[in-house]
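Throughout the sequence shown, residue numbering follows my numbering, covering 2 to 94 in sequence.
Yeah, the Cβ is synthetic: ideal placement off N, Cα and C, and Gly gets one too.
Source: prediction; values computed, not measured.
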Amino acid sequence: MKATLIAYTSKGLSKTESSKLSKALIGYTDKSNNGKYLYNRNGLVKNTKHIIICRSAFIVPKDIAESILYFIKKRRAKALSWNLEISQEQFRN
Numbered sequence: 002m003k004a005t006l007i008a009y010t011s012k013g014l015s016k017t018e019s020s021k022l023s024k025a026l027i028g029y030t031d032k033s034n035n036g037k038y039l040y041n042r043n044g045l046v047k048n049t050k051h052i053i054i055c056r057s058a059f060i061v062p063k064d065i066a067e068s069i070l071y072f073i074k075k076r077r078a079k080a081l082s083w084n085l086e087i088s089q090e091q092f093r094n
């Protein structure tokens, strides 16, 4: 299966913008009422098949990669991408 490795950096962005970008891409756990309730907020990557390598690098299917790259660059962050060939079983849902 054709896939794309995407690595991005938020260097040059404020901490607030960097945090918003990371949360929008990867997602986060939201706690309310002093930790009584937990909500998992999925990001763009978590809504698709993916492999998360680290906080700022992940592998997604090639057809979705263009929209994610556009999202990153729209937020004024820098991104690099590489095309890969990966078996379907290695992806997480």
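Taking residue i as the reference, which of the options has the closest Cα?
i	options	result
Leu95	Gly36, Ser33 and Ile69	Because the chain is modelled from 2 through 94, residue 95 falls outside the range shown and cannot be assessed.
Thr17	Ala78, Tyr71 and Glu67	Ala78
Ile7	Ser33, Ala80 and Leu39	Ala80
Asn41	Ile60, Ala25 and Trp83	Ala25
Asn48	Leu14, Trp83, Ala66 and Leu85	Ala66
Can you pull the DSSP bridge partners for residue i?
i	result
Gly28	Asn43
Ala80	Tyr9
Lys3	Glu86
Ile53	Phe59
Tyr38	Ser33
What is the residue span of the beta strand (DSSP E) that residue i lies within?
i	result
Phe1	Nothing about residue 1 can be read from this structure; the chain reaches only from 2 to 94.
Ile87	Neither: Ile87 is in no beta strand (DSSP E) and is coded neither H nor E.
So, using beta-carbon positions, are residue i and residue j closer together than 8 Å?
i	j	result
Tyr9	Ser88	no
Pro62	Lys75	no
Ile53	Ile27	yes
Leu22	Ser11	yes
Helix, strand or coil for residue i? Go by DSSP, reduced to three states.
i	result
Lys63	helix
Ser33	strand
Leu70	helix
Does the beta carbon of residue i come closer than 8 Å to any beta carbon on chain B?
i	result
Arg77	Protein chain content of the structure displayed is limited to a single chain, and chain B is not contained in it.
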